[in-house]
Amino acid sequence: EAGVTQFPSHSVIEKGQTVTLRCDPISGHDNLYWYRRVMGKEIKFLLHFVKESKQDESGMPNNRFLAERTGGTYSTLKVQPAELEDSGVYFCASSQVSHRTNTGELFFGEGSRLTVL
Amino acid sequence: DQQVKQNSPSLSVQEGRISILNCDYTNSMFDYFLWYKKYPAEGPTFLISISSIKDKNEDGRFTVFLNKSAKHLSLHIVPSQPGDSAVYFCAASVYGANSKLTFGKGITLSVRP
């Protein structure tokens, strides 16, 4: 079974440009999350989808960030225009809704490293 | 304001000995706690979790202890192995599973052969 896949693995862009990150969750997982880790700090929550609906987007830094999950499958995270402080590793994670058996485990992708120059 | 704190940035342990990784939290609403392990250039992988109704959970060489009154949890690895060398993140959530996780900064564990 394929895990969570993210693309691109690394993106280098200039300040003011646009970048779109993509996440393919594990097939059948309704929950999809975006997290970000900046400069070796803690991993911070950005937002949570349940299928195609945004369940919680309280962690989105500002309106330069736009996340979508059309059809409830893959998700994209667009940063437009990118700023220097947006540099970091963006992790996507997914999980299945199963209150009886769910250990709370999120399955993370390898991350997309964004460098804004 | 960090709600999950891992105050020791690194820990070095001899192979075969016990590794104890500590984590403190400030939000008394947290009711579910998890440990994730991360190797370089990889995403975090789930290790073990504990609900606030328990004070201990064990899975093979890994045991997590929860002290709610002290808002403290710890991860014990016995015996430690070189392959355990990684960054360990403590995480917590409110309202149980499937909720957003609040992570600590991580502890880099080095297990010396």
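First to last, the sequence lines map onto chains D and L. 7 is the number of the first residue of the first sequence in the numbering used here; add one for each residue after it. 656 is the number of the first residue of the second sequence in the numbering used here; add one for each residue after it. All C-beta atoms, glycine included, are put in the ideal place defined by N, C-alpha and C.
Taking only the alpha-carbon atoms, compute the straight-line gap between residue i and residue j and give it to the nearest angstrom.
{"i": "residue 117/D", "j": "residue 14/D", "result": "9 Å"}
{"i": "residue 106/D", "j": "residue 57/D", "result": "Confidence is the limiting factor: at residue 106/D the pLDDT is only 45, short of 50, which leaves the residue's position unreliable, though a coordinate-based value still follows. Approximately 19 Å, taken between the alpha carbons."}
{"i": "residue 62/D", "j": "residue 91/D", "result": "22 Å"}
{"i": "residue 665/L", "j": "residue 695/L", "result": "15 Å"}
{"i": "residue 66/D", "j": "residue 44/D", "result": "14 Å"}
{"i": "residue 767/L", "j": "residue 734/L", "result": "12 Å"}
{"i": "residue 714/L", "j": "residue 102/D", "result": "22 Å"}
{"i": "residue 708/L", "j": "residue 680/L", "result": "16 Å"}
{"i": "residue 726/L", "j": "residue 718/L", "result": "17 Å"}
{"i": "residue 50/D", "j": "residue 671/L", "result": "33 Å"}
{"i": "residue 656/L", "j": "residue 48/D", "result": "12 Å"}
{"i": "residue 736/L", "j": "residue 73/D", "result": "40 Å"}
{"i": "residue 755/L", "j": "residue 661/L", "result": "18 Å"}
{"i": "residue 724/L", "j": "residue 60/D", "result": "34 Å"}
{"i": "residue 8/D", "j": "residue 17/D", "result": "23 Å"}
{"i": "residue 676/L", "j": "residue 682/L", "result": "19 Å"}
{"i": "residue 722/L", "j": "residue 55/D", "result": "32 Å"}
{"i": "residue 46/D", "j": "residue 744/L", "result": "12 Å"}
{"i": "residue 71/D", "j": "residue 19/D", "result": "15 Å"}
{"i": "residue 75/D", "j": "residue 81/D", "result": "4 Å"}
{"i": "residue 702/L", "j": "residue 68/D", "result": "32 Å"}
Identify the contact partners of residue i in chain D, using a Cβ-Cβ distance below 9 Å as the criterion.
{"i": "residue 756/L", "result": "39, 41, 49, 51, 99, 110, 112"}
{"i": "residue 726/L", "result": "Chain D residues near residue 726/L: none, gap ~17 Å exceeds 9 Å."}
{"i": "residue 669/L", "result": "Simply none; closest approach about 26 Å."}
Along chain L, which residues have their Cβ under 7 Å away from the Cβ of residue i?
{"i": "residue 54/D", "result": "755"}
{"i": "residue 62/D", "result": "755"}
Whose Cβ in chain L lies nearer than 9 Å to the Cβ of residue i?
{"i": "residue 116/D", "result": "696, 697, 698"}
{"i": "residue 30/D", "result": "Those within 9 Å of residue 30/D in chain L number zero; the least Cβ separation is about 13 Å."}
Given that residue i touches chain D, what residues does it touch there, using C-beta distances under 7 Å?
{"i": "residue 744/L", "result": "49"}
{"i": "residue 723/L", "result": "Within chain D, no residue comes near residue 723/L; the closest Cβ sits about 17 Å away, beyond 7 Å."}
{"i": "residue 736/L", "result": "Ordered by position in chain D, no residue passes the 7 Å Cβ test against residue 736/L, which lies about 22 Å from the chain."}
I believe residue i touches residue j by the beta-carbon criterion, under 8 Å. Please report the beta-carbon distance rounded to the nearest angstrom.
{"i": "residue 52/D", "j": "residue 41/D", "result": "6 Å"}
{"i": "residue 700/L", "j": "residue 692/L", "result": "5 Å"}
{"i": "residue 704/L", "j": "residue 689/L", "result": "4 Å"}
{"i": "residue 112/D", "j": "residue 96/D", "result": "In fact, because the Cβ distance is near 15 Å, the residues do not count as touching under 8 Å."}
{"i": "residue 746/L", "j": "residue 659/L", "result": "7 Å"}
Please report whether the beta-carbon of residue i lies at a distance below 9 Å from any beta-carbon of chain A.
{"i": "residue 704/L", "result": "Among the protein chains in the structure shown, which are D and L, there is no chain A."}
Using a threshold of 9 Å, state whether the C-beta atoms of residue i and residue j are closer than that.
{"i": "residue 30/D", "j": "residue 12/D", "result": "yes"}
{"i": "residue 674/L", "j": "residue 732/L", "result": "yes"}
{"i": "residue 729/L", "j": "residue 765/L", "result": "no"}
{"i": "residue 10/D", "j": "residue 698/L", "result": "yes"}
{"i": "residue 777/L", "j": "residue 757/L", "result": "Residue 777/L is absent from the model: chain L starts at 656 and stops at 768."}
{"i": "residue 100/D", "j": "residue 38/D", "result": "yes"}
{"i": "residue 742/L", "j": "residue 687/L", "result": "no"}
{"i": "residue 98/D", "j": "residue 78/D", "result": "no"}
{"i": "residue 759/L", "j": "residue 678/L", "result": "yes"}
Starting from the beta carbon of residue i, find every residue of chain D whose beta carbon is closer than 8 Å, and list them in chain order.
{"i": "residue 759/L", "result": "48"}
Q) Do three or more CB pairs link the stretch 15–23 of chain D to the stretch 84–98 of chain D at distances below 8 Å? A) These segments touch.
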